[in-house]
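Undergrad: Each residue of the sequence shown is one higher than the last, beginning at 0 in numbering that gives the first Met the number 0.
We treat Cβ as the ideally placed atom computed from N, Cα and C, and that holds for glycine.
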Amino acid sequence: MSYTEKSQQWFTYNNLNEELKAELNTLWNQPKELEDRFYKALEFGTGGMRSELGVGTNRLNIYTVRKAIDGLARYIVEQGEEAMRRGVVVAYDSRHKSEEFAMEIAQVLGHYNIKSYVFDALRPTPELSFSIRYLNSFAGIVITASHNPPEYNGIKIYAEDGGQIPLEMAEVITSYINQVENELMIPFVQYETLLKNGLLQMIGEEFDKAYLAALDTLQLRKVAKSDMKIVFTPLHGTAHHLVPEGLKRFGFEHIILVEEQMTPDPEFSTVVSPNPEEHAAFEYAIRYGEKHDADLLLATDPDADRLGVAIKNAQGEYEVLTGNQTGALMLHYILEQKKRLGTLPLNGVVLKTIVTSEIGRTIAQNYGIEAIDTLTGFKFIGEKIKQFEEQSSHTFLFGYEESYGYLIKEFARDKDAVQAAVFITEVAAYYHEQGITLYTALLNLMNQYGYYQEDLVSLTLKGKDGATQIQEMMQQARQSPINEVAGKKVVMIEDYLSGQRNNYQTGVMSQIDLPTSNVLKLYLEGDTWITLRPSGTEPKIKFYFSVKEDTLDLSKSMLRKLKEEFMNTIQGVTI
0 MSYTEKSQQW FTYNNLNEEL KAELNTLWNQ PKELEDRFYK ALEFGTGGMR SELGVGTNRL
60 NIYTVRKAID GLARYIVEQG EEAMRRGVVV AYDSRHKSEE FAMEIAQVLG HYNIKSYVFD
120 ALRPTPELSF SIRYLNSFAG IVITASHNPP EYNGIKIYAE DGGQIPLEMA EVITSYINQV
180 ENELMIPFVQ YETLLKNGLL QMIGEEFDKA YLAALDTLQL RKVAKSDMKI VFTPLHGTAH
240 HLVPEGLKRF GFEHIILVEE QMTPDPEFST VVSPNPEEHA AFEYAIRYGE KHDADLLLAT
300 DPDADRLGVA IKNAQGEYEV LTGNQTGALM LHYILEQKKR LGTLPLNGVV LKTIVTSEIG
360 RTIAQNYGIE AIDTLTGFKF IGEKIKQFEE QSSHTFLFGY EESYGYLIKE FARDKDAVQA
420 AVFITEVAAY YHEQGITLYT ALLNLMNQYG YYQEDLVSLT LKGKDGATQI QEMMQQARQS
480 PINEVAGKKV VMIEDYLSGQ RNNYQTGVMS QIDLPTSNVL KLYLEGDTWI TLRPSGTEPK
540 IKFYFSVKED TLDLSKSMLR KLKEEFMNTI QGVTI
């Protein structure tokens, strides 16, 4: 069916949602936009889907949500009555339509006699992951678009272990979704009926208390009465309760809340982007920090799975740490404290992604601990944790990725900004008691383990044309490989799509022991690498850069040069 036929099908549907119908009426004189809305169905990826909200088969709305959940429901029915009885936990964040979508999900599941447990108000993604395990449900769903702009929302599906669904499960669900011929005709049962017959149960405070009790187990040192001042902002998202409460339970008294950002707001009206990776997201927190002379600034993204940290640098100005730097500080503290306590296991393991800094591996090796790489995305870290449990092969110690995602304890199976917020505060308090700032501690780590520096460049290319551009850029990089950047020769290329590693120095081709993915990684001379990866959740292509030179200044200089030369080569982009 062409996009014009599909749009007509929606327009002539008598029961089309009034808001969506009004939006559709504005598109008839915008053929390019109409095509983008209807030229394809919104894709269900490896763990869910994310898109701009709006009318169309290629946008997130009640009909595309129902279609996806219909596929999940059919999968659950196929697993049998026990899976249906165990049901699905549903959580949602502060975004537009999140609560409405939560009820839509319950209504579709209810048609298939599958029980739903829906939170009575917004909750963090990691609490959803925890709650699946706590309740022993068969699956879980969180409605969120993480740190995307306000016009986005999404759904992410979790398996019974609390981790994002594995590839095999996603493929079966996708096959069921693709069997749906008309998303407008998905059957559902009104939620009022489900509440009466017990197929819908609202949940809340009990799960908060259970999660906070689990959070207490993170603490490796009792915090002495601390005068450390902590500024916290949830950036209008879901961590407004759990992070302050967790900090109090860890013994921190001087918690300063960014009042303008404590209230959930789907427009994220006080920030350009609710992304703690960006320095601009800390504008209000820095203002509060300067007013109160705070030691530590913390910011979580809307669904509280990513944490940003800002600390005072040598000039007394607040500097936002990279995800690699925050991860290195936490990792080193975990290993050092467990060694001190005599609880560092011989089979301990650290998990990181292929685009995360190598300083983590260097730190782990110093303690005799193995660091294992996964593909980008915390779902792969969660899968590894599950594998280690089933095989009794390794003891999980820490998992992280450069994009501000961390997991300290596996009672949740996705990145957890609540865990990370209370834990990095414990780390900061440890150094504070010694009269050392977290910034000095970071410099000490680099002095010991190497002056690793990393950066990321993202290009946003929206729509059908943008998707084609991204595909062409990846093809160009594969078909006409770059031999040298910034005076450093390319010595090895890993193509995760073909699964091949080509070592130019030895002439040896070998297999990459990871699932296939559209990622290309170039290794250059002297501990330098570049990675190209189209985003799986946004219309972006990402370029990751990592260097290590003999001094911090040399590393920073090389990083700038590497980025500039490579981006000019690949796209003619000036940065």
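On a Cα-Cα basis, can you pick out the residue from N14, Y111, K555 that is closest to I75?
TA: Out of N14, Y111, K555, the CA that lies nearest to the CA of I75 is found in Y111.
Undergrad: Tell me which same chain residues have a C-beta within less than 8 angstroms of the C-beta of M329, skipping the five on either side of it?
TA: F397, Y399, Y405, I407, A419, F422, I423, V426
Undergrad: Give the DSSP bridge partners of S50, in chain order.
TA: N152
Undergrad: Helix, strand or coil for Q452? Go by DSSP, reduced to three states.
TA: In this structure, Q452 counts as strand in the three-state DSSP scheme.
Undergrad: Work out the CA separation of G153 and L59 for me, nearest whole Å.
TA: In this structure, the alpha-carbon of L59 lies about 7 angstroms from that of G153.
Undergrad: Rounding to the nearest angstrom, what Cα-Cα distance links T573 and T11 in this structure?
TA: Here the model assigns T573 a pLDDT of 45, short of 50, so the residue's position is not dependable, and the following value carries that caveat. Each residue's alpha carbon lies about 47 angstroms from the other.
Undergrad: Who pairs with Y91 in a beta bridge, going by DSSP?
TA: I142
Undergrad: Is it right to say A169 is buried, meaning 16 or more other beta carbons lie within 10 angstroms of its own, or is it exposed?
TA: buried
Undergrad: Please state whether DSSP places E266 in a helix, a strand or coil.
TA: E266: coil per DSSP, three-state reduction.
Undergrad: When DSSP builds the beta bridges, which residues end up paired with T530?
TA: K520, Y543
Undergrad: Q364 to A440, Cα distance in whole Å?
TA: Taking C-alpha positions only, Q364 is separated from A440 by approximately 19 angstroms.
Undergrad: Closest by CA to A72, which one among L320, E259, V107, K290?
TA: Comparing Cα positions, the closest option is V107.
Undergrad: Could you spell out the range, first to last residue, of the alpha helix (DSSP H) harbouring V489?
TA: Where V489 is concerned, there is no enclosing alpha helix (DSSP H), although the beta strand (DSSP E) it sits in stretches over 487-494.
Undergrad: Is it buried or exposed, Q452, if we count other Cβ atoms within 10 angstroms and call 16 or more buried?
TA: buried
Undergrad: Relative to the C-alpha of P165, which candidate in E17, P186, G245, T45 has its C-alpha closest?
TA: T45
Undergrad: In the DSSP assignment, what are the bridge partners of L199?
TA: DSSP lists S115 as partners of L199.
Undergrad: With L214 as the anchor, note down where its alpha helix (DSSP H) starts and where it stops.
TA: Taken as a continuous stretch (DSSP letters only), the alpha helix (DSSP H) holding L214 covers 204-215.
Undergrad: Nearest CA to the CA of T527: which residue from S556, K539, Q178?
TA: S556
Undergrad: I'd like the span of the alpha helix (DSSP H) that includes N177, first residue to last.
TA: 166-177
Undergrad: Determine the contact status of K585 and G250, defining contact as a CB-CB distance below 9 angstroms.
TA: Any answer about residue 585 is impossible in this case: the structure gives the chain only from 0 up to 574.
Undergrad: Under a three-way DSSP split, which group does D229 fall into?
TA: It should be pointed out that residue 229 corresponds to Ile in this sequence rather than to Asp. Looking at I229 - three-state DSSP - the assignment turns out to be strand.
Undergrad: Please report the residue range of the alpha helix (DSSP H) in which I131 lies.
TA: 124-134
Undergrad: Let me check understanding here. Comparing Cα to Cα, which of T394, E51, I113 lies closest to G79?
TA: Of the candidates T394, E51, I113, I113 places its Cα closest to the Cα of G79.
Undergrad: Helix, strand or coil, according to DSSP, for Q510 in the structure here?
TA: strand
Undergrad: Rounded to a whole number of angstroms, what is the C-alpha to C-alpha distance between V456 and S545?
TA: Between the alpha carbons of V456 and S545 lies a gap of roughly 12 angstroms.
Undergrad: State yes or no: is the C-beta of L121 within less than 9 angstroms of the C-beta of S97?
TA: yes
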